[in-house]
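So the mapping is simple: my numbering equals the position in the sequence shown, first residue as 1, plus 177.
Presented below is the structure to which this report refers.
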Amino acid sequence: MADERLGFVGIVVEDRASVPAVNEILSSFSPIIRGRMGVPDPQGGEAVIGLIVRGTNDQLGALTGRLGNLPGVRAKSALTSAKSTHPQQKRKE
């Protein structure tokens, strides 16, 4: 099993037409999302979404890559450098 790490994803949505696709992508990645906060800007029409995630580099790359391919959407991420000590990863084989 690949190493999971704790991190965050910052998403800026400038094209409101992309919101349904953003929500669909986030739903498909729900197993790695631990928390979510969205802040719309009613004056400008933009929105910012912050996610707390626990996942692998590959999972996070897939999430930000799919989001970044949407028109008017930018996504950036950062992960902790420490490997997870989550008890579920310490399985006996």
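Beta carbons: idealized from backbone N, C-alpha and C, even for Gly.
Residues of its chain near residue i, where Cβ-Cβ distance is below 6 angstroms and the 5 sequence neighbours each way are ignored
| i | result |
| --- | --- |
| R213 | L228 |
| K253 | G187 |
| E223 | E191 |
| E270 | Annotation note: pLDDT 42 at E270 (below 50); position unreliable, no value reported. |
Three-state secondary structure assigned by DSSP to residue i
| i | result |
| --- | --- |
| R268 | For R268, the predicted model reports a pLDDT of 46, less than 50, meaning its position is unreliable; a value from the coordinates is still stated below. Three-state result, R268: coil. |
| P217 | strand |
Residues that DSSP places opposite residue i in a beta bridge
| i | result |
| --- | --- |
| V189 | V225 and R251 |
Beta carbon of residue i nearer than 8 angstroms to that of residue j
| i | j | result |
| --- | --- | --- |
| V250 | S204 | no |
| V199 | L240 | no |
Beta-carbon contacts of residue i that lie in its chain and below 7 angstroms, excluding the five residues immediately before and after
| i | result |
| --- | --- |
| S210 | Per the sequence shown, the amino acid found at residue 210 is Ile instead of Ser. Around I210: L203, L228 and V230. |
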